[in-house]
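2 protein chains.
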Amino acid sequence: MKIEITLPNWLNEQLLKEGEERVWSTPEERMRWVLALAHRNIEEATGGPFGAAVFEKDSGRLVAAAVNRVVPSQTSISHAETLALALAQQKLATHDLSAPGFPVMELVASAQPCIQCFGNTWWSGVRGLVIGARAVDVEAIAGFREGPLPDQWPELLENRPEPLPAVTVTRDLLREEAKAVLQRYRASGGLVYNAGGS
Amino acid sequence: MKIEITLPNWLNEQLLKEGEERVWSTPEERMRWVLALAHRNIEEATGGPFGAAVFEKDSGRLVAAAVNRVVPSQTSISHAETLALALAQQKLATHDLSAPGFPVMELVASAQPCIQCFGNTWWSGVRGLVIGARAVDVEAIAGFREGPLPDQWPELLENRPEPLPAVTVTRDLLREEAKAVLQRYRASGGLVYNAGGS
């Protein structure tokens, strides 16, 4: 028995084309690129309206990128953030992106992590989390039920018990552009893959 | 790019041997079997001290089973509960275990879900969650940092917003036996794979 989760062909091709040399210098550049992935995932009908990527925070090099694949991969874990983190970990051959010897890494996500991706962020070892749309946008515009994040979740990531490294949280980066992606999904009639057969 | 997560060979062999006919009638039978998986995962040194399985709640038939694979699979998502849910979903070819036409399914876990597996339970479509050890046991005995579950998390699973189906939570089933598995891991010197290079 094994679990296998793939990215869409268009994203694999795009990642090959970008190559290893490109650098995404600013937070806005990183977010705009991630939003473009989410947007293309809608247009290609290859998953839900979300994109995410792991970057080396200081150098701006890309470690891994993903889009939502819940329906095509037949697994509810296949949120963009979770896949980007897992791809980064398998690429670097570690379950812990904050293991000694690695540069500081950050997760850039088109929308606020749901309860599952919040938990995955907790365990992953990323030390930055940069978010476009808020959960309230995801729920109000696209209809997903994001789950009950603990109150003060950004503070809980920033002030973690030893030995866990702090995760710096940046919210509302290009929020209006991020909301526009969710609006496009709604207008496209995209599937809302909550549990409960909806 | 793809993510691939496998089970240990001993578990694949065991699942083949059990066959499709076996029925686990009582909650205790299901939990004892899951605890044995967690225990064997320690003895074989194939992952962390956790096991989980998805059962058809009424018939007692097994849908999927897993053990923790964080370190061997080099992914922090590879908790036993998450893998059991994903294996069940891919086997049944659906991201939603509560989709119309499926029997009621429950997740039986050797220990209380961490923040990540709580979130995964939220999205998965299981309608029952049966737990052995508590988070306080996992943290105190084995040293994992399970993350900040929201207050009243069992009530939040049981009373979810429409259209999400209720998840019935049963706690402390064979809790002492479940704690003994965690104690065995600690005694074995098993790795505590929190983020932060620990």
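The listed protein sequences correspond, in order, to chains A and B.
Here the first sequence stands for residues 413 to 610, numbered as in the numbering used here.
Here the second sequence stands for residues 413 to 610, numbered as in the numbering used here.
Each residue gets a CB set at the ideal place from its N, CA and C atoms; glycine is no exception.
For B/Ala505, a Cβ of chain A is located within less than 8 Å of the residue's own Cβ. Between the C-alpha atoms of A/Gly559 and A/Glu493 there is a straight-line separation of about 15 Å. The continuous beta strand (DSSP E) containing B/Thr580 extends over residues 580-582. The Cβ atoms of A/Val538 and A/Leu585 lie no closer than 8 Å to each other. Taking 8 Å as the threshold, the shortest C-beta distance from A/Ser522 to chain B does not fall below it. Contact between B/Met413 and A/Leu499 holds, with the beta-carbon distance rounding to 6 Å and staying under 8 Å.
A direct Cα-Cα distance of roughly 12 Å separates B/Ile553 from B/Ser600. Contact between B/Phe556 and B/Val604 holds: their C-beta atoms lie close to 6 Å from each other, under 8 Å.
In the three-state DSSP reduction, A/Met517 falls in the strand class (E or B).
Sequence-distant Cβ neighbours of A/Ala607 in its own chain, meaning closer than 8 Å and more than five residues away, are Ser488.
Under the three-state reduction of DSSP output, B/Leu541 falls in the strand class. In this model, B/Gly463 and B/Val479 are separated by some 4 Å (Cα to Cα).
Exclusion of the five residues before and after A/Gln524 leaves Ile543, Arg546, Ala547 as the residues of its chain whose Cβ lies within less than 6 Å of its Cβ. Cβ-Cβ distances below 6 Å link A/Cys526 to Glu558, Gly559 in the same chain, with the five nearest sequence neighbours on each side left out; the list follows chain order. When the five nearest sequence neighbours on each side are left out, the beta carbons in the same chain lying within less than 6 Å of the beta carbon of B/Pro566 are those of Val581, in order along the chain.
Distance from the CA of B/Asp563 to the CA of A/Arg434, rounded to the nearest whole angstrom, comes to 44 Å. B/Glu456 is outside the set of residues whose beta carbon lies under 8 Å from a beta carbon in chain A.
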